[in-house]
Amino acid sequence: MSLSHATLQDRRRFWLLMLIALVVIGAGIGLRDPWPSDEPRFTLAAKQMVEGGDWLFPHRGSELYADKPPVLMWTEAASFELVRNWRIAFLLPSLLAALGTLALVYDLGRRLWSRQVGLYAAAGLLLAFQFVYQVKRAQIDPLVMFLITAGNWGLLRHLLLGPNWRAYWLGCFCAGLGVITKGVGFLPLLLLLPYAFALRRGWDGVARMGPSQALRWWLGLPAVLAAIALWLVPMLLAAHAHADNPAYAAYVRDILFHQTADRYAKSWGHIHSPLYYLPIVLFSWLPLSLTYPGTLPRWWRALKAKDARVLLPVAWVALVLVFFSIPAGKRDVYILPALPMVALASAPFLDELLRARWLRAAGLAFVGLFGTLLLVVGAYALVAAPPFATQWTLERGFAGARALWWWLAAIGAVQLLLVGLLRLRHAAYAVGGGMFALWLGWSFGITPLLNDSSSAAGLMAKVAARMQPGDTVGLVAWKEQNLLMLDRPAVDFGFTRPWPQQYAAAVAWQAADPARRWLFVQESAMGRCVRRDHAIDLGHANRREWWLFKADAVVPGCVPDPSAEAADAGVPE
Numbered sequence: 128m129s130l131s132h133a134t135l136q137d138r139r140r141f142w143l144l145m146l147i148a149l150v151v152i153g154a155g156i157g158l159r160d161p162w163p164s165d166e167p168r169f170t171l172a173a174k175q176m177v178e179g180g181d182w183l184f185p186h187r188g189s190e191l192y193a194d195k196p197p198v199l200m201w202t203e204a205a206s207f208e209l210v211r212n213w214r215i216a217f218l219l220p221s222l223l224a225a226l227g228t229l230a231l232v233y234d235l236g237r238r239l240w241s242r243q244v245g246l247y248a249a250a251g252l253l254l255a256f257q258f259v260y261q262v263k264r265a266q267i268d269p270l271v272m273f274l275i276t277a278g279n280w281g282l283l284r285h286l287l288l289g290p291n292w293r294a295y296w297l298g299c300f301c302a303g304l305g306v307i308t309k310g311v312g313f314l315p316l317l318l319l320l321p322y323a324f325a326l327r328r329g330w331d332g333v334a335r336m337g338p339s340q341a342l343r344w345w346l347g348l349p350a351v352l353a354a355i356a357l358w359l360v361p362m363l364l365a366a367h368a369h370a371d372n373p374a375y376a377a378y379v380r381d382i383l384f385h386q387t388a389d390r391y392a393k394s395w396g397h398i399h400s401p402l403y404y405l406p407i408v409l410f411s412w413l414p415l416s417l418t419y420p421g422t423l424p425r426w427w428r429a430l431k432a433k434d435a436r437v438l439l440p441v442a443w444v445a446l447v448l449v450f451f452s453i454p455a456g457k458r459d460v461y462i463l464p465a466l467p468m469v470a471l472a473s474a475p476f477l478d479e480l481l482r483a484r485w486l487r488a489a490g491l492a493f494v495g496l497f498g499t500l501l502l503v504v505g506a507y508a509l510v511a512a513p514p515f516a517t518q519w520t521l522e523r524g525f526a527g528a529r530a531l532w533w534w535l536a537a538i539g540a541v542q543l544l545l546v547g548l549l550r551l552r553h554a555a556y557a558v559g560g561g562m563f564a565l566w567l568g569w570s571f572g573i574t575p576l577l578n579d580s581s582s583a584a585g586l587m588a589k590v591a592a593r594m595q596p597g598d599t600v601g602l603v604a605w606k607e608q609n610l611l612m613l614d615r616p617a618v619d620f621g622f623t624r625p626w627p628q629q630y631a632a633a634v635a636w637q638a639a640d641p642a643r644r645w646l647f648v649q650e651s652a653m654g655r656c657v658r659r660d661h662a663i664d665l666g667h668a669n670r671r672e673w674w675l676f677k678a679d680a681v682v683p684g685c686v687p688d689p690s691a692e693a694a695d696a697g698v699p700e
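In this note's numbering, the protein residues as written are 128 to 700.
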């Protein structure tokens, strides 16, 4: 086979892989609305950007939203301007970020080793559970993963295949974009630490640049700062122009200090032990993590041989894990940006490992156990209607559970069928097909079933059904999905404002026009201040009870108990 023919085949394989990725990740887009906890708040902020025209300062209802920089909201709002459909627009940035990340990982593998290694790197990443699960959601993390991977791509091209100063500066610029997307976007710069070590110890494969290049090295800093300035400078100028409004000064303090350094040094949520990420690396990165028994000793041999192509990504992953393990607050998604580099560092050894009987057996066992679990749970719930299934559906306010159990059983049956048909010889295809079946079943079968209860679409449809032309609704103790999914303008009385204050302001607002003004309130915030027999019970949604009422249900002079708000803070979305 000629070299050009082999290259053409590899290119076709790459585009086939990208087509599979597009199907897997894009499946289900347009079939669901944003789900809590993160998706509705980002999409609501994007929607208010489009409707209100203020793109510098995200809003959550009437309040400024300072928890995260606005880059993801910008991409969602821009996507809506292109497609004019929020069900598509809110997931489009994650889809594009995922495809971009796969392409960058492939390109690094191709440049550092070979096209085949690049394919293995991208395929291993696409198979990993956490990767697909997260990029099928509209959170900040897929976008910041792409920007961090882009930063790594630029720096690795320079540090291992350079000198390539343009790639280095581009990598630094992407790191800056990562910072204004989520504060941890600077992480690609940590690659300079293992590079300096390898350079000092004379490792193979590192680019060597003389002392005369010092100025070029330092130009990476302006590249980082230039990207940050794209948002920071206009935001600070606009905040200064609103100096008469203390909310803007509070926004600046919160976004620049409280949500960055304070969040890292004094975590106030998701408190876990320093070993929290160990099971994430072992189980959330399945089936890629099945290769660890083979890749770990091979990494060790490569490090002993002073192969910098392995040192830099592996050492960088270790630094990222240490960085996120230091603060008390931890979430599984924080280490998502490390996954592409794990796939890259594993890829050179996958061709050899996939011929090993133990790895093929482990892959079959993984798909077989997964399929058996889904089939047994689905069939048992259908036949026996066990208490756990009933309790789960009640907690979520979910109707249509039988169809859900049928889908679980069907996905499990397909996975077991693949194991039986492909067996040990074609175990890699069984693993890939099993994951493919899981994601298509989830996207086209399970997601539409869960949408009304998970997104609050069903709940807010009940509210809209009670409204007459000219009626207005006010929101108290509300969640982002409530305002987002409402099909009409609404009035809110703050989001972070204490519930008793929200309730008091809402009752006063309602009293000004009692015939046409309704209040939509979370039950915990009402206390004994609402006559239930005069109110409408909207039912259970997002693990909470919701009510709708007019002024005749209000107990005059009553103030709800503020302790209910603290209790609600621990209720998961």
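The C-beta atom is built at its ideal place from N, Cα and C for all residues, glycine as well.
Just grab the DSSP bridge partners of residue i for me.
i, result
"Ile663", "Leu675"
"Glu190", "Arg187"
"Thr599", "Arg644"
"Val681", "Val657"
"Gln649", "Trp673"
"Asp619", "Leu602"
"Ala668", "Arg671"
"Gly155", "Gly155 pairs with nothing; no bridge assigned."
"Asp434", "Asp331"
"Gly456", "Ile398"
Figure out for me which residue from the options has the closest Cα to the Cα of residue i.
i, options, result
"Leu477", "Ala249, Trp443 and Arg159", "Ala249"
"Gly298", "Trp358, His367, Thr276 and Pro406", "Thr276"
"Ala680", "Ser651, His667, Gln637 and Pro689", "Gln637"
"Tyr295", "Leu318, Phe141 and Lys606", "Leu318"
"Trp443", "Ala472, Asp695, Ala455 and Pro420", "Ala472"
"Val112", "Ala377, Leu480, Met562 and Val541", "Nothing can be reported for residue 112, as the shown portion of the chain is limited to 128 through 700."
"Tyr404", "Ala148, Phe258, Gln595 and Val460", "Val460"
"Arg643", "Pro596, Ala633, Ala604 and Val603", "Pro596"
"Pro401", "Trp626, Ile453 and Leu144", "Ile453"
"Val244", "Phe497, Arg436, Pro514 and Leu544", "Arg436"
"Leu283", "Val333, Leu481 and Ala172", "Val333"
"Pro76", "Lys677, Val441 and Ile147", "Residue 76 falls outside the range modelled here, since the chain spans only 128 to 700, and no answer is possible."
"Arg242", "Pro687, Pro373 and Gln136", "Gln136"
"Ala455", "Ala483, Phe410 and Gly396", "Gly396"
"Glu208", "Leu191, Gly180, Leu359 and Tyr233", "Gly180"
"Val150", "Ala193, Ala225 and Ala508", "Ala225"
"Met362", "Glu166, Ala193 and Leu586", "Ala193"
"Met272", "Cys301, Leu246 and His285", "Cys301"
"Val494", "Ala554, His186, Val447 and Ala432", "Ala554"
"Ala506", "Trp533, Ile382 and Gln608", "Trp533"
"His186", "Glu607, Cys656, Arg293 and Ile267", "Glu607"
Between the alpha carbons of residue i and residue j, how many angstroms are there, rounded?
i, j, result
"Asp664", "Leu675", "7 angstroms"
"Trp330", "Gly155", "47 angstroms"
"Leu531", "Phe563", "18 angstroms"
"Gly527", "Ala512", "13 angstroms"
"Trp280", "Phe141", "18 angstroms"
"His399", "Arg670", "24 angstroms"
"Pro728", "Ala370", "No answer is possible for residue 728: the residues shown for the chain start at 128 and end at 700."
"Lys589", "Leu544", "42 angstroms"
"Ile355", "Glu178", "26 angstroms"
"Val408", "Leu466", "9 angstroms"
"Thr228", "Ala470", "11 angstroms"
"Leu480", "Leu486", "7 angstroms"
"Thr599", "Gly547", "59 angstroms"
"Asn372", "Tyr378", "11 angstroms"
"Ala488", "Arg138", "30 angstroms"
"Asp688", "Arg615", "30 angstroms"
"Gly157", "Pro349", "40 angstroms"
"Gly278", "Phe451", "19 angstroms"
"Leu660", "Pro683", "The amino acid at residue 660 is misidentified as Leu; the sequence shows Asp. Computed Cα separation, rounded: 16 angstroms."
"Leu430", "Met468", "16 angstroms"
"Phe410", "Gly490", "13 angstroms"
"Phe622", "Ala508", "39 angstroms"
"Ser570", "Ser339", "55 angstroms"
Quick one: any contact between the region 578 to 594 and the region 518 to 536, if contact means 3 or more CB pairs under 8 angstroms? yes
Could you check whether the region 202 to 218 touches the region 227 to 243, counting it as contact only if at least three pairs of C-beta atoms, one from each stretch, sit closer than 8 angstroms? no
Item to complete: Within the region 309 to 359, note down every full alpha helix (DSSP H) run reaching 4 residues or more, in order along the chain.
Response: 319 to 328 and 341 to 345
Whether or not the region 251 to 267 and the region 396 to 416 are in contact is what I'm after, with contact meaning three or more pairs of Cβ atoms, one per stretch, closer than 8 angstroms; do they touch? yes
field: alpha helix (DSSP H) runs wholly inside the region 206 to 236, at least 4 long, in chain order
entry: 213 to 216
- Is it true that the region 617 to 630 meets the region 598 to 607, where meeting means three or more beta-carbon pairs spaced less than 8 angstroms apart? yes
Q. Just checking, does the region 161 to 178 make contact with the region 195 to 212 on the three C-beta pairs under 8 angstroms criterion?
A. yes
- Task: Entirely within the region 356 to 429 and at least 3 residues each: give me those beta strand (DSSP E) ranges in chain order.
- Result: none
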